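Protein sequence lines correspond, in order, to chains A and B. The first sequence runs 66 to 288 under my numbering. The second sequence runs 5 to 238 under my numbering.
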Amino acid sequence: MSTPERPSYQQRTAYHVTLLGTVALLCSTALVIGDQQTRERIETARQRQLSEDIAEVTPASGTAGIAPQRTVTIQHDGRAHTAWQHLAGGRVTAVALTTSAQGYGGEIRVIVGLDRQGEILAARVLEHQETPGLGDQIEAERSDWIDAFEGRSLANTPPDGWAVEKDGGEFDQFTGATITPRAVVEAIHTALLAFQAHRARLLDPRAAERHAHPTGSEEADHG
Amino acid sequence: MAETDAGPVPAAAPPAAGGESRWRRIAREGLWDNNVVFTQMLALCPLLAVTSTATNGLGLGLATLFVMVASAAVISALRGLITDPVRIPVLILLIATLVTLVDMFMEAYLNRLYQALGLFIPLIVTNCAILGRAEVFASRHPPAEATFDGLMMGLGFTGALVVLGGIRELLGSGTLFEQAGLMLGDTFAFLEVTVIPDYSGFLLTILPPGGFIALGGLMAGKRLLDRRREARQA
Numbered sequence: 066m067s068t069p070e071r072p073s074y075q076q077r078t079a080y081h082v083t084l085l086g087t088v089a090l091l092c093s094t095a096l097v098i099g100d101q102q103t104r105e106r107i108e109t110a111r112q113r114q115l116s117e118d119i120a121e122v123t124p125a126s127g128t129a130g131i132a133p134q135r136t137v138t139i140q141h142d143g144r145a146h147t148a149w150q151h152l153a154g155g156r157v158t159a160v161a162l163t164t165s166a167q168g169y170g171g172e173i174r175v176i177v178g179l180d181r182q183g184e185i186l187a188a189r190v191l192e193h194q195e196t197p198g199l200g201d202q203i204e205a206e207r208s209d210w211i212d213a214f215e216g217r218s219l220a221n222t223p224p225d226g227w228a229v230e231k232d233g234g235e236f237d238q239f240t241g242a243t244i245t246p247r248a249v250v251e252a253i254h255t256a257l258l259a260f261q262a263h264r265a266r267l268l269d270p271r272a273a274e275r276h277a278h279p280t281g282s283e284e285a286d287h288g
Numbered sequence: 005m006a007e008t009d010a011g012p013v014p015a016a017a018p019p020a021a022g023g024e025s026r027w028r029r030i031a032r033e034g035l036w037d038n039n040v041v042f043t044q045m046l047a048l049c050p051l052l053a054v055t056s057t058a059t060n061g062l063g064l065g066l067a068t069l070f071v072m073v074a075s076a077a078v079i080s081a082l083r084g085l086i087t088d089p090v091r092i093p094v095l096i097l098l099i100a101t102l103v104t105l106v107d108m109f110m111e112a113y114l115n116r117l118y119q120a121l122g123l124f125i126p127l128i129v130t131n132c133a134i135l136g137r138a139e140v141f142a143s144r145h146p147p148a149e150a151t152f153d154g155l156m157m158g159l160g161f162t163g164a165l166v167v168l169g170g171i172r173e174l175l176g177s178g179t180l181f182e183q184a185g186l187m188l189g190d191t192f193a194f195l196e197v198t199v200i201p202d203y204s205g206f207l208l209t210i211l212p213p214g215g216f217i218a219l220g221g222l223m224a225g226k227r228l229l230d231r232r233r234e235a236r237q238a
């Protein structure tokens, strides 16, 4: 199939450049519109997901008692952690704390549920960019690796136990993906240390503040 | 060779010998003869990764189908304007924008499916079948034919995803279209079937090696069918 001659104006450099620029502009516009149209629904979906994540790591029965907007933000070791308190009879019985660490493909965000003594009730990975099929074993749906953290605390696991077995610690790593489990162990350890340092505030039911759009992310919103 | 529209672009190829309409030929090519998976053997990575259940396969298939149709339509409409030196960047820009819009849409309206498919939605951009077909077909044919071709290729791809997903799910978990209502919406809930109750599961089929073996089996089966059809026509 022969390609016929293009009209002369299409053979000029200025045309190619303008074409590419125009297409880029149109595509950007389409994306901005798309973003605006979907932003609210995506936010709602994330809130719902956040409530479910909190429910998974605290003794809450379902998401009914969870108020994702009432958070306690603590600063520890240069990082911010967002926490939600589980209240029963006016007392804080459990705390869900977000934490993160740099994994292989990017930041891994984890939520840890702790009881009053700082013992882990459960941990769940919220977000990650790890390799599918390898690093994604940290997800609760894919394997029960994350269940190994249940019952652990700073009291029953020494400081150098908080590492993968390869690094002399007590936690299993999976073949072919050491960096990922290492990051998750580090993140959870950080959460425990943060809890220990700010325990009084975290267990005080009056410490929570209302946020309009809590995201549980480390770059916490301010308002 | 008849001109199908004014402009400095090549006209559509004439109908195949024997009077088969070009629409039928496009349909036959996309669905079977030139099937993205079974003949062109493209997009095997997402294919194997998401076909552990038929529902996920269907979900990714529909997302890819939309991108194939929309990109074919747009690229074909602009084919008179797109010049060689910037051809690839322009095509990729258009395809990537469409995929991003699909990604946003799915995160907003099909959130569970979005979470199940995860990275493989944005990876639709890298699906060779889309850019390849745009180069070979959409940029050389008028919009009606290009859109129809995109639709047929997309359906062929979705078919491959659903069939492979179905086989792997059936053998691996004993169900078919598990969680279809949850992932795709209540209208799809009727698809859910538990074929083998209390099935302990054949893990191999859900893991990648099982996927490869199943795919190989399907390809062999297709070749067999083609050969029989040729023998009958000879």
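Quick reminder that beta carbons are idealized off the backbone N, C-alpha and C, glycines included. Source: prediction; values computed, not measured.
is_contact[residue i, chain B] using C-beta, thresh 8 Å
i	result
residue 112 (chain A)	no
residue 106 (chain A)	yes
residue 202 (chain A)	no
residue 99 (chain A)	yes
residue 199 (chain A)	no
residue 220 (chain A)	no
residue 88 (chain A)	yes
residue 271 (chain A)	no
residue 71 (chain A)	yes
residue 297 (chain A)	In the structure as shown, chain A starts at 66 and stops at 288, and residue 297 (chain A) therefore has no counterpart that could be examined.
residue 134 (chain A)	no
residue 286 (chain A)	The pLDDT assigned to residue 286 (chain A) is 40, lower than 50, so where the model puts this residue is not dependable; a value taken from the coordinates is nonetheless given after this. By this cut-off, residue 286 (chain A) is not an interface position.
residue 80 (chain A)	yes
residue 96 (chain A)	yes
residue 85 (chain A)	yes
residue 240 (chain A)	no
residue 123 (chain A)	no
residue 103 (chain A)	yes
residue 75 (chain A)	yes
Beta carbon of residue i nearer than 8 Å to that of residue j
i	j	result
residue 275 (chain A)	residue 134 (chain A)	yes
residue 119 (chain A)	residue 131 (chain A)	yes
residue 6 (chain A)	residue 162 (chain A)	There is no way to answer for residue 6 (chain A), as the model of chain A reaches only from 66 to 288.
residue 251 (chain A)	residue 238 (chain A)	no
residue 155 (chain A)	residue 246 (chain A)	no
residue 124 (chain A)	residue 186 (chain A)	yes
residue 176 (chain A)	residue 122 (chain A)	yes
residue 157 (chain A)	residue 268 (chain A)	yes
residue 120 (chain B)	residue 72 (chain B)	no
residue 85 (chain A)	residue 94 (chain B)	yes
residue 64 (chain B)	residue 159 (chain B)	no
residue 141 (chain B)	residue 50 (chain B)	no
residue 68 (chain B)	residue 128 (chain B)	yes
residue 189 (chain A)	residue 173 (chain A)	no
residue 130 (chain B)	residue 92 (chain A)	no
Min CB distance residue i to chain A below 8 Å
i	result
residue 111 (chain B)	yes
residue 197 (chain B)	no
residue 115 (chain B)	yes
residue 147 (chain B)	no
residue 121 (chain B)	no
residue 157 (chain B)	no
residue 72 (chain B)	no
residue 105 (chain B)	yes
residue 98 (chain B)	yes
residue 85 (chain B)	yes
residue 2 (chain B)	This structure cannot settle anything about residue 2 (chain B), because the visible part of chain B is limited to 5 through 238.
residue 45 (chain B)	no
residue 94 (chain B)	yes
residue 223 (chain B)	no
residue 101 (chain B)	yes
residue 126 (chain B)	no
residue 108 (chain B)	yes
residue 89 (chain B)	yes
Heavy atom of the ligand MN within 7 Å of residue i beta-carbon
i	result
residue 31 (chain B)	This structure does not include the ligand MN; it has no bound ligands of any sort.
Whole-angstrom C-beta distance between residue j and residue i, which should lie under 8 Å
i	j	result
residue 169 (chain B)	residue 61 (chain B)	3 Å
residue 263 (chain A)	residue 141 (chain A)	7 Å
residue 170 (chain A)	residue 206 (chain A)	Going by Cβ atoms, the distance from residue 170 (chain A) to residue 206 (chain A) rounds to 18 Å, so no, they are not a contact pair.
residue 47 (chain B)	residue 133 (chain B)	5 Å
residue 234 (chain A)	residue 226 (chain A)	5 Å
residue 178 (chain A)	residue 159 (chain A)	6 Å
residue 110 (chain A)	residue 115 (chain B)	4 Å
* To do: Identify every run of the alpha helix (DSSP H) within the region 126-188 of chain B, keeping only runs that are complete inside it and at least 4 residues long; order them along the chain.
  => 132-140, 147-177 and 184-188
* Asked: Is it true that the region 36-44 of chain B meets the region 99-117 of chain B, where meeting means three or more beta-carbon pairs spaced less than 8 Å apart?
  -> no
* Does the pairing of the region 207-223 of chain B with the region 168-180 of chain B give three or more beta-carbon distances under 8 Å? -> yes
* Asked: Quick one: any contact between the region 194-202 of chain B and the region 80-89 of chain B, if contact means 3 or more CB pairs under 8 Å?
  -> no
* Inspect the CB distances between the region 49-57 of chain B and the region 137-149 of chain B and report whether three or more fall short of 8 Å. => no
* Sufficient close CB pairs (3 or more, under 8 Å) joining the region 180-188 of chain B to the region 223-238 of chain B -> no
* Asked: Going along the chain, which unbroken runs of the beta strand (DSSP E) with 3 or more residues stay wholly within the region 136-162 of chain A?
  -> 144-153
* Go through the region 169-202 of chain A residue by residue and report every complete run of the beta strand (DSSP E) that reaches 3 residues or more, in order. => 172-180 and 185-192
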